[in-house]
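Colleague: All residue numbers for the sequence shown refer to numbering that gives the first Met the number 0, where the first residue is 0 and numbers rise by one.
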Amino acid sequence: MVVPELRPWRAAKPHVKRVANAVRPRLARAADAVRPGLTRTVDAVRPRLARAVATAKPRVARIAKAAKPQVARGTRPKTWQFTAGAATAGLALAAAVATAAGPWDSSGQRTAERDRAAAQEQTGGADHGDDSDTTASAPRPAPSAASVLTGLGGAGSSVKSAQNGPALADVLDPLLADAALGTRHTAAVVDVATGKQLYGAGADAALTPASTTKIATAVAALSALGADHRLTTRAALEPDTKELVLVGGGDPTLTARKDAEGWASLRTLADETAAALKKRDINEVTLSYDTTLYAGSEIHPIGVNDNLAPVSALMADEARTDDSASGPAPRVSDPAADATRRFAEFLSDHGIRTTSPGPSKATGRSDTLAEVTSPPLSTLVERMLTNSDNDIAEALARQTAVASKQRADFAGGGQAIRAQLKKLGLPLSGADFNDGSGLDRADKLTADLLTSLLAEAGDPSHPELRPVLTGLPVAGFTGTLTSRYTDGAAGIVRAKTGTLTGVNTLAGTVVDQNGRLLAFAFLASDTSSATAAQAALDRTATALSACGCR
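1. Return the CA-CA distance between aspartate 337 and alanine 494, expressed in angstroms with no decimal places.
2. For alanine 396, count the other beta carbons within 10 Å of its own beta carbon; 16 or more makes it buried, fewer makes it exposed. Which is it?
3. Quick one: what's got a C-beta closer than 7 Å to glycine 357's C-beta in the same chain, skipping five residues either side?
4. Asparagine 304 bridges to which residues according to DSSP?
5. Report yes or no: do three or more beta-carbon pairs, one from the region 276-292 and one from the region 250-268, lie closer than 8 Å?
6. Rounding to the nearest angstrom, what Cα-Cα distance links glutamate 381 and valine 401 in this structure?
7. Taking the straight line between their C-alpha atoms, what separation do you get for glycine 487 and glutamate 393?
8. For alanine 441, count neighbouring C-beta atoms within 10 Å of its own C-beta (all shown protein chains included) and say buried if the count is 16 or more, exposed if not.
9. Rounded C-beta distance between phenylalanine 519 and valine 509? I'm assuming under 8 Å.
10. Please state whether DSSP places alanine 341 in a helix, a strand or coil.
11. Pop quiz: glycine 181 and alanine 446 are said to be a contact at Cβ under 8 Å. What is the actual Cβ separation, rounded to whole angstroms?
12. Spatial neighbours of glycine 413 within its chain, please: CB distance less than 6 Å, with the 5 preceding and 5 following residues excluded, ordered by chain position.
13. Look at the alpha carbon of alanine 144 and the alpha carbon of glycine 470, and state the distance between them as a whole number of angstroms.
14. Of all the alpha helix (DSSP H) runs that stay within the bounds of the region 447-512, which reach a length of 4 or more residues?
15. Given a threshold of 16 other Cβ atoms within 10 Å of its Cβ, counted over all protein chains shown, does serine 373 qualify as buried or as exposed?
16. If distances are taken between C-alpha atoms only, which option among Ile214, Asp388 and Asn282 comes closest to leucine 243?
17. Rounded C-beta distance between leucine 292 and alanine 474? I'm assuming under 8 Å.
18. In angstroms with no decimal places, state the Cα-to-Cα distance between leucine 171 and alanine 545.
19. Counting Cβ pairs, one atom from each stretch, are 3 or more of them under 8 Å apart for the region 329-336 and the region 304-311?
20. Need the endpoints of the alpha helix (DSSP H) that arginine 397 sits in, please.
21. Opposite leucine 517 in the DSSP bridges: which residues?
22. Thinking C-beta only, is alanine 179 closer than 8 Å to alanine 410?
23. At the level of alpha carbons, what is the spacing between aspartate 348 and leucine 452?
24. Per the contact definition of three or more C-beta pairs closer than 8 Å, is the region 247-254 in contact with the region 315-326?
25. Restricting to Cα atoms, I'd like to know which of Leu427, Leu313 and Val246 is closest to aspartate 366.
26. Is it true that the region 534-542 meets the region 197-213, where meeting means three or more beta-carbon pairs spaced less than 8 Å apart?
27. For the candidate residues Phe345, Ala369 and Ala328, whose alpha-carbon lies nearest to that of lysine 257?
28. Which residues mark the beginning and the end of the alpha helix (DSSP H) in which glutamate 271 is found?
29. Check alanine 202 in the structure and name its three-state DSSP category.
30. Am I right that alanine 506 and valine 191 are in contact with their C-beta atoms under 8 Å? What's the rounded C-beta distance?
31. Just to confirm my understanding: we take threonine 450, look at its own chain, exclude 5 residues before and 5 after, and list those with CB closer than 6 Å. What are they?
32. Quick check on the DSSP output: the beta strand (DSSP E) that includes threonine 539 runs from which residue to which?
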């Protein structure tokens, strides 16, 4: 389960050129097909679009200035944007801005979507980094791109349902019959705007979902906690005893690195704690750590595994023993003790002496000296989905359990996820949640549930769930889809992958040739080759993007 690092647009440029050359003929045909509808849409939204373009104009000017030497040498930029889904002003703006800026940032969010969200009185858009340089004033963390998702096939859209295209079953049935997809496979396709199922093949049969389980975890966590919720790590001083307790708040993104890159910093916490201690004339403390927010075993049922650290309410850099930020890596056996020892080293740099740390529990009488908070939950969800981050997934399952007043262990997390999805009225028949990451083969989900989760995330009445869609890996660009779809549908398919031995799954969204936003889920079990199964799933998703099906 090796997950590539996120890469910024500049690093992806050579790859994008290859993809552009591969898909240009199909995109040209798609552009011809939608040009009349696009013209009507642009005319209707021209005043608002003009304001949005004015907001993005400074960024485009900077990019054009930076590119001037290259243009002078005879290199001409090439426009390759996919326009078949451009049925809203947001996508029309993408066609103008993304030409110069590149259509995706490093996390898979459309730069044009963010520009437009910020232009509309900052009512949405994800802030994917302090150096994103997308707008002069950063938009609020969530929701992202609501206007784009609402417009596709929704009220006020000029997109029409297919009337004379081929039947969806005629396109998908032969592809799903590929022997590479094993002896058991199911599928479902749903129109996100209407919630109507357009295709189903065993859609209500529960199979092992692997990492597509994280879609359910994301929806449950966002529903229980809200997109703006943050996780807090704090240092508390017990009165009269000089015991300093590092209290874990369950933030899996807490980092001890010098450059925190926007995540909560253990170094900053130590700096502020040392300053507070010195104000009290305290230069020596008994150091402890508190992990009581979580309960039960820290070890996943699969055992010690490089894909997941022991699940603790206190850890730094996911307890990795190397410099990686995603994917498999050796982990320390006691994340909380390791994080506290590093905290002690940072305190020592300020002249604060500490004892060897041990477990404890902060009392209600303790005085919080300093605290650091994670980015909003929306950002954690997007990182989890893009990188298929198991540590964040298990943390979010436990956070959902805490919010739902369930025991914060593996079983309680699964129960809490199910309870939250039940509140949303989603189809849970056959579903079984035993963890938040999908590493447990006892997990069971249906294609019906996965597409319903994605459709719910696109529902305008649930903007708090939008990070579930914006966090999906982008074909050929980000996360677990970086190296896939190089021969078609790059930048068009957004999907969460799932891979275990003998299990391959894919669930996400795609805009078809009629401009409809479709949610799809394909689950395959008893596969013999992960590579062949992934290729078969990718061909099926690509067929959806190329289909003007009824």
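No residue lacks a Cβ here, since even glycine has one placed at the ideal position from N, Cα and C. Just so you know, these numbers come straight off a predicted model, no measurement behind them.
Modeller: In brief:
1. Roughly 35 Å between the two C-alpha positions.
2. With 16 or more other Cβ atoms within 10 Å, it is buried.
3. Its chain contains Ser287 as the residues whose beta carbon lies nearer than 7 Å to that of glycine 357, once the 5 sequence neighbours on both sides are disregarded; these appear in chain order.
4. For asparagine 304, DSSP records a beta bridge to Leu307.
5. With a cut-off of 8 Å, the region 250-268 and the region 276-292 do not count as touching, because too few Cβ pairs lie within range.
6. Glutamate 381 and valine 401: Cα-Cα distance of roughly 21 Å.
7. The alpha-carbon atoms of glycine 487 and glutamate 393 are separated by roughly 33 Å.
8. Of the other Cβ atoms in all chains shown, fewer than 16 fall within 10 Å of the Cβ of alanine 441; this residue is therefore exposed.
9. Indeed they touch by this definition, with Cβ atoms about 7 Å apart.
10. Here residue 341 is arginine; the residue named in the question, alanine, does not match the sequence. Residue state, collapsed to three classes: helix.
11. Actually they are not in contact, since the Cβ atoms of glycine 181 and alanine 446 sit about 15 Å apart, beyond 8 Å.
12. Its chain contains Phe432 and Asn433 as the residues whose beta carbon lies nearer than 6 Å to that of glycine 413, once the 5 sequence neighbours on both sides are disregarded; these appear in chain order.
13. Any reading at alanine 144 must be qualified, since the residue scores a pLDDT of 35, below 50, and its modelled position is unreliable; the value itself is stated next. Going from the Cα of alanine 144 to the Cα of glycine 470 covers about 12 Å.
14. Fully enclosed alpha helix (DSSP H) runs of 4 or longer: 466-469.
15. Serine 373 comes out buried.
16. Of the candidates Ile214, Asp388 and Asn282, the one whose C-alpha sits nearest the C-alpha of leucine 243 is Asn282.
17. Actually they are not in contact, since the Cβ atoms of leucine 292 and alanine 474 sit about 37 Å apart, beyond 8 Å.
18. If you take the alpha carbons of leucine 171 and alanine 545, they lie about 12 Å apart.
19. Result yes; three or more Cβ-Cβ pairs closer than 8 Å.
20. Its alpha helix (DSSP H) spans residues 389-402.
21. Asp190 and Val509.
22. No, they are not a contact pair.
23. Approximately 48 Å between the Cα atoms of the pair.
24. The region 315-326 makes contact with the region 247-254: 3 or more CB pairs, one atom from each, lie closer than 8 Å.
25. For the options Leu427, Leu313 and Val246, the alpha carbon positioned closest to that of aspartate 366 is the one of Val246.
26. The region 534-542 vs the region 197-213: no contact.
27. When only C-alpha atoms are compared, the closest one is Phe345.
28. Looking at the DSSP string, the run of the alpha helix (DSSP H) that includes glutamate 271 is 265-278.
29. In the structure shown, alanine 202 sits in coil (DSSP, three-state: anything other than H, G, I, E or B).
30. With 8 Å as the limit, alanine 506 and valine 191 do not qualify as a contact, their Cβ atoms being about 13 Å apart.
31. Taken in chain order, the residues that qualify are Ala187, Val189, Ala518 and Ala520.
32. Here threonine 539 belongs to no beta strand (DSSP E); instead the alpha helix (DSSP H) covers 529-545.
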